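A.B. asks: There's a structure below that I have some questions on.
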Amino acid sequence: MMITRESDYAIRIIRALKDGELLPLEQICQRELVPKQFAYKILKKLERSGLVSIRRGAGGGCILNRSLADLTLLDIIKAADEEFFLNPCLDSQYQCGYAASFDGCKVHCELARVQRVLEEELKRTSLDRLFNKSG
């Protein structure tokens with residue numbers, strides 16, 4: 001598993017908006033080196049998740065809806081990527097022939113444990129602490 005390009009760009013977009021000001025898409029893209037063709041698509045996902053607002057037209061732009069202290073890395077990753085799994089078998093929709101044939105899978109159980117630990121760590125990482133810490 002890896003953090004996808006969409007998640008990486010979503011984190012960068014939120015970082016550009018961290019000061020709470022309305023920023024035009026062009027400025028976000030320049031500041032955070034996010035290709036424009038990806039930025040709008042990702043901003044729409046962030047908007048659907050309630051993390052940002054997009055104001056269209058002259059004088060428009062994007063603005064953060066929540067305080068950085070109330071946002072975590074997990075919030076951003078889940079907004080950008082609907083599926084965030086170490087392995088496809090952790091998706092409840094996945095049909096594993098091995099697990100069905102052999103009454104469970106120890107590998108699945110261990111991966112599920114690791115997934116929970118990873119999500120807890122990402123949930124503990126506040127964006128305020130990440131973006132505003134010194135050093």
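Residue numbers (UniProt numbering): 1 to 135. We put the beta carbon where it would ideally sit given N, CA and C, even for glycine. Fair warning: this is a prediction, and the values are worked out from it, not measured in the lab.
1. Is residue 26 closer than 9 Å to residue 9 when the C-beta atoms are compared?
2. Between which two residues does the beta strand (DSSP E) holding residue 7 run?
3. Exposed or buried, residue 28, counting other C-beta atoms within 10 Å across all chains shown (16 or more means buried)?
4. Could you name the residues that DSSP lists as bridge partners for residue 126?
5. Tell me the residue span of the alpha helix (DSSP H) that contains residue 25.
6. Quick check on residue 64: does DSSP put it in helix, strand or coil?
7. So what does DSSP say about residue 55, is it helix, strand or coil?
8. By the three-class DSSP mapping on this structure, what secondary structure does residue 87 have?
9. From the DSSP output, in three-state form, read off residue 95 for me.
10. Please name the residue, chosen from 59, 13, 119 and 67, that lies closest to residue 38 on a Cα-to-Cα basis.
11. Could you pull the start and end residues of the alpha helix (DSSP H) that residue 46 belongs to?
12. At the level of alpha carbons, what is the spacing between residue 45 and residue 79?
13. Alpha carbon to alpha carbon, how far is residue 61 from residue 124?
14. Where does residue 67 land, buried or exposed, given buried means 16+ other C-beta within 10 angstroms?
C.D. replies: A quick look at the data gives this:
1. The residue given as residue 9 occupies position 9 in the sequence shown. The residue given as residue 26 occupies position 26 in the sequence shown. Cβ atoms of residue 9 and residue 26: not closer than 9 Å.
2. Here residue 7 is taken as the residue at index 7 of the sequence shown, counted from 1. Run containing residue 7: none in the beta strand (DSSP E); it sits in the alpha helix (DSSP H), 5-16.
3. As a first step, residue 28 is located in the sequence shown; it is residue number 28 there, counting from the start. It counts as buried.
4. Residue 126 sits at position 126 when you count from the first residue of the sequence shown. The partner list for residue 126 (beta bridge, DSSP) reads 72.
5. One-based indexing of the sequence shown puts residue 25 at position 25. Start and end: 25-32.
6. On the sequence shown, position 64 is the one that residue 64 refers to. Correct three-state label for residue 64: strand.
7. To locate residue 55, count along the sequence shown from 1; it is residue 55. Reduced to three states, the DSSP call for residue 55 is strand.
8. Taking the sequence shown and counting its residues from 1, the one referred to as residue 87 is at position 87. If DSSP states are grouped into helix, strand and coil, residue 87 belongs with coil.
9. Residue mapping note: residue 95 aligns to position 95 of the sequence shown, counting from 1. Here residue 95 sits in coil by DSSP.
10. Within the sequence shown, the letter at position 38 stands for residue 38. Out of 59, 13, 119 and 67, 13 has the C-alpha closest to the C-alpha of residue 38.
11. Here residue 46 refers to the residue found at position 46 of the sequence shown. 36-48 is the span of the alpha helix (DSSP H), which, as asked, contains residue 46.
12. Counting from 1 along the sequence shown, the entry for residue 45 is found at position 45. Counting from 1 along the sequence shown, the entry for residue 79 is found at position 79. Straight-line Cα distance between these residues: approximately 6 Å.
13. Against the sequence shown, residue 61 aligns to sequence position 61. Against the sequence shown, residue 124 aligns to sequence position 124. The straight-line gap from Cα to Cα measures roughly 29 Å.
14. Your numbering for residue 67 matches position 67 in the sequence shown. Residue 67 comes out exposed.
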